[in-house]
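In the UniProt record's numbering, the protein residues as written are 1 to 955.
Cβ coordinates follow ideal geometry from the N, Cα and C atoms, glycine included.
Working notes, beginning with the structure itself.
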């Protein structure tokens with residue numbers, strides 16, 4: 001019996017773009033889906049085999065050929081695989097795998113005929129979640145094939161950080177108009193770690209080029225085209241999906257619809273569909289719903305930089321790629337031309353926490369060509385490194401980044417995303433007989449088997465090549481040297497542009513292999529010599545120390561060393577670099593050996609000052625015997641303050657405006673916020689200030705925000721307890737958190753509105769009912785209790801304030817506030833009377849301020865200071881700082897209470913750890929106080945939960 005692979009009737013012709021046809025150009029036929037013959041005795045790859053089996057066979061074969069005289073043939077195969085391709089069975093005569101005698105991994109499904117039930121009264125209904133190239137291509141194919149198609153995309157103007165390179169064949173295959181292509185790149189420069197530049201592109205024909213697009217333009221075009229053929233495009237946020245409870249029953253999708261806005265917030269809706277295509281990117285919620293498994297991912301960071309017209313002419317048809325440990329230990333940096341600016345970026349898997357330092361190094365490498373440019377947009381996004389463990393489950397399939405389809409080495413993903421979306425949709429159209437029958441998992445697996453058969457070997461070989469050529473700077477030097485070969489360029493461009501392997505010349509293949517081996521040998525010799533030189537240099541440099549000092553303000557770009565950049569007039573803090581072992585690493589980079597940071601007028605506190613020692617340490621780069629250290633805080637995060645015109649909101653926004661990590665500051669209030677924003681916008685710090693007034697603008701305020709701070713509510717007045725505030729502030733918090741859940745559910749949420757012991761549980765219940773609750777990202781801000789404890793203890797014991805740290809646990813009202821004076825750092829002794837006096841003062845400090853203001857307000861300035869400190873800590877954690885600790889009121893299992901304030905470690909995903917050691921070894925006084933606060937804190941928590949249960953969240 002012969003097993004037949006699915007044959008899809010899609011053939012197109014790759015024509016040169018309109019307007020570029022001349023006597024040199026002809027139409028180039030491209031077979032997009034080759035007829036698949038029955039499996040022969042010695043096929044290249046079996047569709048029925050487990051991918052691991054295929055990988056093992058390929059690896060063993062590679063080793064075999066590397067040990068034989070046929071190395072020229074292997075060099076040709078490796079080269080062709082590098083640019084993301086495969087050989088057809090007829091072309092691939094060098095690798096032959098034997099047919100297995102037993103089948104132990106995947107079962108074949110043999111269907112004599114289609115037995116799925118017919119869909120009555122309507123056509124098959126499919127939802128595509130995600131509107132990028134994969135989603136747009138899938139939706140168009142489905143709609144053309146008679147499927148009732150719904151395309152859900154939250155950000156219709158999304159600007160994904162993406163190099164934006166597309167092969168020429170994609171222009172023809174997907175019929176893309178030329179006006180969406182910003183630049184036609186015909187030349188590339190590959191630049192080695194030692195700044196040796198190789199020009200690439202000599203072999204291109206007059207009509208050939210690499211297209212450079214902006215993702216927001218390409219994605220919108222593909223979505224619009226899908227809509228014109230019948231797909232329904234929904235501006236909505238996919239929340240979750242209820243899996244069917246029986247065979248053939250529908251999937252229930254929950255999403256927030258923004259097509260018809262109600263009061264500035266989206267409308268909660270559901271939708272029933274027969275099948276789902278997850279095209280929602282690396283952080284796919286569809287993938288999480290089907291437990292698709294995790295994968296290793298890279299972080300891509302990109303800045304769009306507007307440069308002068310004369311500098312832009314240099315990049316008119318040129319792209320640059322930089323390799324080296326300085327720009328990325330496992331990928332490359334790039335400068336790609338766009339319509340009126342350049343995109344400068346880098347990526348890494350192994351050093352995600354250093355991504356901004358790597359980006360600075362990329363800009364430093366290209367500094368002569370982008371000097372004087374203005375950063376107009378900063379973008380970051382995860383990129384998958386390999387396919388997910390599960391990509392199909394029942395009638396749900398993953399495509400594009402959601403499935404993990406990005407090639408290593410080159411990082412190409414746009415073409416493969418669009419291709420996978422189309423292939424998956426074609427399988428559904430074919431299996432459903434143009435929407436007339438129900439599909440099942442076997443139909444979707446035809447797409448998966450076809451994809452794996454076509455591209456799985458490519459991903460495995462590219463993985464090997466990345467490990468060979470990106471493992472060290474000498475290996476990268478060899479790689480760049482190899483790229484100078486004209487034959488390499490011809491094979492690379494021919495294969496990349498058309499996604500079709502052109503047979504190589506055996507003699508040239510042999511020459512290439514010899515040259516490659518020579519390059520690698522020289523690279524290894526160079527590496528050994530550099531290691532010796534580095535060791536000798538370290539021994540000599542240990543005898544001397546170089547010291548340089550510079551002061552700089554938040555937001556200014558400064559170089560420390562022999563070159564200094566512009567310094568603004570204001571002075572926020574100073575940093576002194578004491579550098580020993582000045583050039584420790586042979587790749588030309590090192591961080592300063594030691595740093596001292598003297599705070600002058602910073603509100604950041606001791607923890608933040610300490611963080612500056614690691615965040616803003618410059619890197620030195622050896623270049624023509626000169627060393628530089630570049631220091632430039634990067635503004636990358638958006639912060640929204642809800643209640644920005646109030647007594648806490650105004651000073652809080654001023655302090656946040658000072659942060660070097662904030663790129664945009666959104667101010668929201670029901671009135672009087674426009675003037676606050678205008679006033680604040682005059683401050684000469686980099687962050688952009690935008691104002692939003694009233695419920696109708698709340699959703700716009702929250703779009704794309706990383707941190708949401710909620711100080712909204714009425715202040716305490718003389719004689720008013722925190723419980724008196726409850727009925728007023730509870731509804732305010734409920735309404736605002738509902739909007740956060742609908743518009744930026746992944747943001748860090750800081751609750752300041754009192755009483756926090758109740759408003760935080762309210763926020764948690766709202767998020768739960770919305771289906772987006774992440775306990776690691778919801779915080780009750782109790783930092784003011786810590787600030788007061790530190791201040792009062794330092795005054796009492798005559799200590800240097802910056803050194804004092806007192807953990808405060810429990811809650812954020814009266815006796816629920818418990819300072820652990822026995823855990824004070826530096827260690828200090830208190831009498832019983834001092835412990836009681838300090839504890840009571842810290843607990844009643846808010847009342848102390850209310851009474852002192854005699855009805856004119858509450859603790860607004862100190863609260864703003866403390867809240868700004870917590871915002872800064874959150875931003876540092878988001879930015880990759882691995883040493884961020886704060887006390888905060890969060891969901892906790894440290895006690896029998898559902899929420900509890902304690903010290904936590906913060907990370908990119910919120911709370912990484914609860915510090916339980918603070919609750920160990922308490923004094924008798926502290927232990928009794930802990931037991932005494934629990935009943936009152938529990939009552940406040942229950943009051944908040946009960947409030948939401950009585951007033952359900954709006955859909």
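Exercise. So what's residue 363 in DSSP terms, helix, strand or just coil?
Worked result: helix
Exercise. Who are the near neighbours of residue 111 in its chain, counting only those whose CB is closer than 6 angstroms to its CB and skipping five residues on each side?
Worked result: Confidence at residue 111 is low in this model, with a pLDDT of 43, below 50, so its placement is unreliable and the value that follows should be read with caution. Contacts found: none.
Exercise. With which residues is residue 334 paired in a DSSP beta bridge?
Worked result: Per DSSP, 321 and 345.
Problem set entry | Under the three-state DSSP convention, the category residue 833 falls into | helix
For this session: Pick out whichever of 751, 741, 428 and 701 has its Cα sitting closest to the Cα of residue 711.
Result: When the alpha-carbon of residue 711 is set against those of 751, 741, 428 and 701, the nearest one is in 751.
Exercise. Do the stretch 185-193 and the stretch 315-322 meet, that is, are 3 or more Cβ pairs less than 8 angstroms apart?
Worked result: yes
Problem set entry | Closest by C-alpha distance to residue 739, when choosing among 727, 760, 780 and 696 | 696
Problem set entry | Candidates 839, 930, 883 and 788, of which the one nearest residue 861 by Cα | 788
Problem set entry | residue 402 beta carbon less than 8 angstroms from that of residue 286 | yes
Exercise. Cβ of residue 279 within 8 angstroms of Cβ of residue 163?
Worked result: no
For this session: In the DSSP assignment, find the beta strand (DSSP E) that holds residue 784 and state where it starts and stops.
Result: Premise fails: residue 784 lies in the alpha helix (DSSP H), 783-797, not in any beta strand (DSSP E).
Exercise. Are the Cβ atoms of residue 397 and residue 648 separated by less than 8 angstroms?
Worked result: no
Problem set entry | Straight-line gap, residue 881 to residue 907 (C-alpha atoms, nearest Å) | 7 angstroms
Exercise. Taking the Cβ atom as the reference point for each residue, do residue 245 and residue 255 lie within a distance shorter than 8 angstroms?
Worked result: no
For this session: Have a look at residue 846 and residue 828 and give me their C-alpha separation to the nearest angstrom.
Result: 25 angstroms
For this session: Check whether the Cβ atoms of residue 933 and residue 810 sit closer than 8 angstroms, and answer yes or no.
Result: yes
Exercise. Since residue 384 and residue 404 are thought to touch, with beta carbons under 8 angstroms apart, how far apart are those beta carbons, to the nearest angstrom?
Worked result: 4 angstroms
Exercise. Residues in its own chain within less than 6 angstroms of residue 227 by CB, not counting five upstream and five downstream?
Worked result: 233
Exercise. Considering only residues of the same chain and omitting the five flanking positions on each side of residue 299, which have a CB-CB separation below 7 angstroms?
Worked result: 347, 348, 352, 355, 380 and 382
For this session: Specify the secondary structure class of residue 339 as computed by DSSP and reduced to three states.
Result: coil
For this session: Find out if the Cβ-Cβ distance for the pair residue 145, residue 429 is shorter than 8 angstroms.
Result: Yes, they are a contact pair.
Exercise. Is it buried or exposed for residue 806, if we count other Cβ within 10 angstroms and need 16 for buried?
Worked result: buried
Problem set entry | For residue 235, the three-state DSSP class (helix, strand or coil) | strand
For this session: Go to residue 651, then tell me how far its alpha helix (DSSP H) extends in each direction, as first and last residue.
Result: 649-657
For this session: Go ahead and label residue 705 buried or exposed: buried means 16 or more other beta carbons lie within 10 angstroms of its beta carbon, across all protein chains shown.
Result: buried
Exercise. Roughly how many angstroms separate the alpha carbons of residue 594 and residue 766, rounded to a whole number?
Worked result: Note that residue 594 has pLDDT 34, beneath the 50 cutoff, so the model's placement of it is unreliable and the number below is only indicative. So the two alpha carbons sit approximately 47 angstroms from each other.
Exercise. Between residue 562 and residue 364, what straight-line distance do the alpha-carbon atoms span, to the nearest angstrom?
Worked result: Low confidence applies to residue 562: its pLDDT is 32, below 50, so where it sits in the model is not reliable enough to give any reading.
Exercise. Can you tell which of 911, 902, 660 and 754 has the C-alpha that lies nearest to the C-alpha of residue 974?
Worked result: Nothing about residue 974 can be read from this structure; the chain reaches only from 1 to 955.
Exercise. Residue 661 and residue 879: beta carbons closer than 8 angstroms?
Worked result: yes
Exercise. Considering residue 679, what are the terminal residues of the alpha helix (DSSP H) in which it resides?
Worked result: 673-680
Problem set entry | With 16 other Cβ atoms within 10 Å as the buried cut-off, status of residue 439 | buried
Problem set entry | Cα-Cα separation, residue 894 to residue 243 | 34 angstroms
For this session: Label residue 743 either buried or exposed according to how many other C-beta atoms from any shown protein chain fall within 10 Å of its C-beta, with 16 as the threshold for buried.
Result: buried
Exercise. Apart from the five residues on each side of it in sequence, which residues of its chain come closer than 7 angstroms, Cβ to Cβ, to residue 841?
Worked result: 792
Exercise. Counting along the chain, where does the alpha helix (DSSP H) carrying residue 701 start and finish?
Worked result: 698-702
For this session: Consult DSSP for residue 245 and reduce its assignment to one of helix, strand or coil.
Result: coil
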